[in-house]
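Order-wise, the sequence lines are chains S and P.
Here the first sequence is numbered in our numbering, starting from 1 and rising by one per residue.
Here the second sequence is numbered in our numbering, starting from 1001 and rising by one per residue.
Idealized CB from N, CA, C, for every residue including glycine.
On a predicted model such as this, the values are computed, not experimentally measured, just so you know.
2 protein chains.
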Amino acid sequence: MGTASTNSTKPAMRDSLIAAAFQLFLERGYEQTTVDDIVTLAGVGRRSFFRYFPSKEDVVFPDHEQCLADMTRFLAASADSDDPVVRVCDAARLVMRMYAENPTFSVQRYRLTRQVAGLRTYELSVVWRYEKTLGDYLRTRWADRRDGTLRANVVAAAVVAAHNHALRHWLRSGGEGDPLAEVDGALEFVRATWATGGQATDAPAEEAEDVVVVITKRSTPMWRVVREVESSLGEG
Amino acid sequence: MGTASTNSTKPAMRDSLIAAAFQLFLERGYEQTTVDDIVTLAGVGRRSFFRYFPSKEDVVFPDHEQCLADMTRFLAASADSDDPVVRVCDAARLVMRMYAENPTFSVQRYRLTRQVAGLRTYELSVVWRYEKTLGDYLRTRWADRRDGTLRANVVAAAVVAAHNHALRHWLRSGGEGDPLAEVDGALEFVRATWATGGQATDAPAEEAEDVVVVITKRSTPMWRVVREVESSLGEG
DNA sequence: GATTCTTCCGGCACCGAGTGCTGTGAAGAC
DNA sequence: GTCTTCACAGCACTCGGTGCCGGAAGAATC
């Protein structure tokens, strides 16, 4: 008989630590809460905390590791026929979906990370891993391009920026509205400029044969060369 | 009488700490070096270290604070006639210029940050401050646009990504070649997709006499021309 | 020239995050 | 029934970082 606690504490050790941590974080602040406070409230030993969370910051982002694995699997399951840009946009939607699953939790965590500099830094490292995952995927997809790496890095950064733009706007609103719709709107901005369904990505494959010759010095700044080429194209 | 140390230690306290720190970091690793080791080698008290550097990581990036202030001032001195995209690209060049001032130091630090996860995270927070500075500037410049904020965030992220792409490529090469030219080539990718057609502000006025001939078709996208010119410069 | 006041430095003592190790008890395998 | 395994608690320790205090210059005041 007894309480059901003995039945649920076996798998719920990690969850009870998260619950205790957030309860204390919200009522007295992150930096004012020690790990000892958390384990005391959760009723477990101090050593157990670091068994489940490698650092104090990790307890604030308990689900990102899983989400990152999901994104990696999602991209690995891509087909060659997929537009890479569309694919990474869909991958970014996975992250937004994770945030949207627990709106109140996401909003609470957002308010926390906005106040604590250490948590912002940690979140940055998490976001960087997402961006790196997207970049690695784009890099392999664009391995044949001359500027494949540059393009991959820029597009990955743009996708992450657009996603974060929509995410933060939704979080600031307190979790109102449809976050998936918001992120789609923001990602459309990226898609429109780079997806092959758009226009600007690859050579239009025209057969204009005219050749432009530009002579310049090594010392000339790149933008000046570009202006030279542009003006040559314009007057032709 | 006495050594000249008493004469130089007065203003060189901070520099001697940096020198001692890097000497130990390079010969035995960052995590294997304690702050006590650094201050012992520098011959100063432990408390003095944290007077000049708020954390152990800060000694690895001693010049970024100044560079961020320079960027802020540079953007604040913008004119309304400047193309915002061109302006932030030029602002990014400031950062590359700082790295280029001490190539060996930059390369050593790069090898360090690649190995130590904690330093990578710290660097991320530094980069984030640059990106935020660029984003804030673009946001005010595009306050009248409908999607001004989204556009500002995406462009700022793209500029930072392009800059880091060129920077890391230069650092991986061990500091060979012209980093300013590399970053110009990478930033041209960003400029070509978003700039409204303004022109760059200042000419770097470097000195090299060789002539480069670029032959291209009208149909070739501008970024591809730039890439071609850049690779030609690189292999020269 | 002796004085105060300021400033910079060193040396504690202390807190908290994170790690390695050991003992222990409960669950499962034979 | 014993033996193994695994998860947990507790302890001791390292190291980054801070607050506090005392002392040694150095400049300003009389």
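Is it buried or exposed, residue i, if we count other Cβ atoms within 10 angstroms and call 16 or more buried?
i        : result
E1131(P) : buried
A21(S)   : buried
D1036(P) : exposed
R1146(P) : exposed
P975(P)  : Here chain P covers residues 1001 to 1236 and nothing more, so residue 975(P) does not appear.
E1188(P) : buried
E1065(P) : exposed
R151(S)  : buried
R172(S)  : exposed
G101(S)  : Note that residue 101(S) corresponds to Glu in the displayed sequence, not to Gly. When all chains shown are included, E101(S) counts as exposed.
R87(S)   : buried
A186(S)  : buried
E1196(P) : Contrary to the premise, residue 1196(P) reads as Thr rather than Glu in this sequence. With fewer than 16 Cβ atoms within 10 Å of its Cβ, T1196(P) is classed as exposed.
F50(S)   : exposed
T1133(P) : buried
R73(S)   : exposed
S81(S)   : exposed
S1055(P) : exposed
Any beta-carbon of chain P closer than 8 Å to the one on residue i?
i       : result
T133(S) : no
D15(S)  : no
A20(S)  : no
V160(S) : yes
V190(S) : yes
W128(S) : yes
H165(S) : yes
Q199(S) : Low local confidence applies: a pLDDT of 42 at Q199(S) is under 50, so the model's placement there is unreliable, with the coordinate-based value given in what follows. Taking Cβ atoms only, chain P never reaches closer than 8 Å to Q199(S), which makes this a no.
Does DSSP classify residue i as helix, strand or coil?
i        : result
Y1130(P) : helix
F1053(P) : coil
N1164(P) : helix
I18(S)   : helix
N102(S)  : coil
A208(S)  : In this prediction, A208(S) scores a pLDDT of 38, lower than 50, which makes its location untrustworthy; no coordinate-derived value is stated.
T1072(P) : helix
S1048(P) : helix
F1061(P) : coil
Q1108(P) : helix
T113(S)  : helix
T1193(P) : helix
G1029(P) : coil
W1142(P) : coil
D1080(P) : coil
G185(S)  : helix
S1125(P) : helix
D36(S)   : helix
D1090(P) : helix
Quick one: is the Cβ of residue i within less than 7 Å of any heavy atom of the ligand HEM?
i      : result
F49(S) : This structure does not include the ligand HEM; it has no bound ligands of any sort.
So which residues on chain P does residue i lean against when the C-beta distance must stay under 7 Å?
i       : result
T193(S) : T1193
N240(S) : Outside the displayed span of chain S (1 to 236) sits residue 240(S), for which this structure offers no information.
Tell me, please, whether the CB atom of residue i is closer than 8 Å to any CB atom in chain S?
i        : result
V1085(P) : no
L1041(P) : no
A1186(P) : yes
L1150(P) : yes
Against residue i, what residues of chain S qualify as contacts under a CB-to-CB distance less than 9 Å, listed in chain order?
i        : result
Y1094(P) : Here residue 1094(P) is Leu; the residue named in the question, Tyr, does not match the sequence. The contacting residues do not exist; L1094(P) stays about 15 Å from chain S at best.
Strictly below 9 Å CB to CB, what residues from chain P border residue i?
i       : result
T121(S) : T1121, Y1122, L1124, S1125 and W1128
Starting from residue i, find everything on chain S with Cβ-Cβ shorter than 7 Å and list it in chain order.
i        : result
L1068(P) : In chain order: nothing, as chain S lies at least about 15 Å away.
V1060(P) : What V1060(P) touches in chain S: nothing, since even the nearest Cβ is about 15 Å away.
Chain P partners of residue i, CB-CB under 8 Å?
i       : result
V154(S) : A1158, A1161, A1162, H1165, F1189 and V1190
Quiz item: Counting Cβ pairs, one atom from each stretch, are 3 or more of them under 8 Å apart for the region 1075 to 1092 of chain P and the region 1136 to 1153 of chain P?
Solution: yes
Quiz prompt | Sufficient close CB pairs (3 or more, under 8 Å) joining the region 105 to 119 of chain S to the region 22 to 35 of chain S | solution = yes
Quiz item: Contact between the region 161 to 180 of chain S and the region 1179 to 1186 of chain P: three or more CB pairs below 8 Å?
Solution: no
Exercise. Determine contact between the region 156 to 165 of chain S and the region 1156 to 1171 of chain P, defined as no fewer than three beta-carbon pairs at a distance below 8 Å.
Key: yes
Quiz item: Would the region 1066 to 1081 of chain P and the region 1036 to 1050 of chain P be scored as touching if the rule is three or more Cβ pairs under 8 Å?
Solution: no
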